[in-house]
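Everything in the sequence shown is counted per my numbering, starting at 402 for the first residue and increasing by one. Where is the CB? At the ideal position from N, CA and C, for every residue including glycine.
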Amino acid sequence: MMKTKLTFLVLSLVLFSKLFSQEAPKIKFEKISDAELNMVVYEPDTAAEAVILYDEGSTEIRYDVSEDEFKLYYSRFVRLKILKQNGTNWGNFRIPVYSNGLNKEVIQNIKGTTFNLENGKTVETS
């Protein structure tokens, strides 16, 4: 009887977590909206120097056959809007890495792009 209740509880939690989970909006790295480009003030906080428009991270565990081990892959996508000159520091990121003998973390594939509005045209700088 107790085992049945526990099984029911676990299945209920799994079902409810799936039902009420939120699907992250699909934002493409290279696509930026006109509203984001034209924003000069963040309405909820007009004194803000910068605002985080989007911040998403995901983690994946993969098995590497050539090295016969599991590896953890983490990716993160952040979109910032710099509103004032003092807000440029928001674009600086520190990425801590772990290293202990043979166990270590490696940083790969960092990509950054700045979008500016110049003479009515979007200018992209990598």
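- Inclusion of E506 and F478 in the CB contact set at 7 Å is not warranted, their separation being larger than that value.
- Considering only Y443, S476 and V452, the residue with the shortest C-alpha distance to S459 is S476.
- Residues E506 of the same chain have their beta carbon placed closer than 8 Å to that of S500, with the five preceding and five following residues left out of the count.
- Counting of Cβ neighbours within 10 angstroms places V524 among the exposed residues, the total staying below 16.
- Y455 and R480 have their alpha carbons spaced roughly 5 Å apart.
- Under DSSP, G458 shares a beta bridge with R477.
- With distances taken between CA atoms, E450 lies nearest to I483 out of R495, I483 and N510.
- Residues of the same chain with a CB within less than 8 Å of the CB of L518, apart from the 5 flanking positions on each side, are L438, N439 and V524 in chain order.
- Unbroken alpha helix (DSSP H) stretches of 4 residues or longer found wholly inside the segment 461–520: none.
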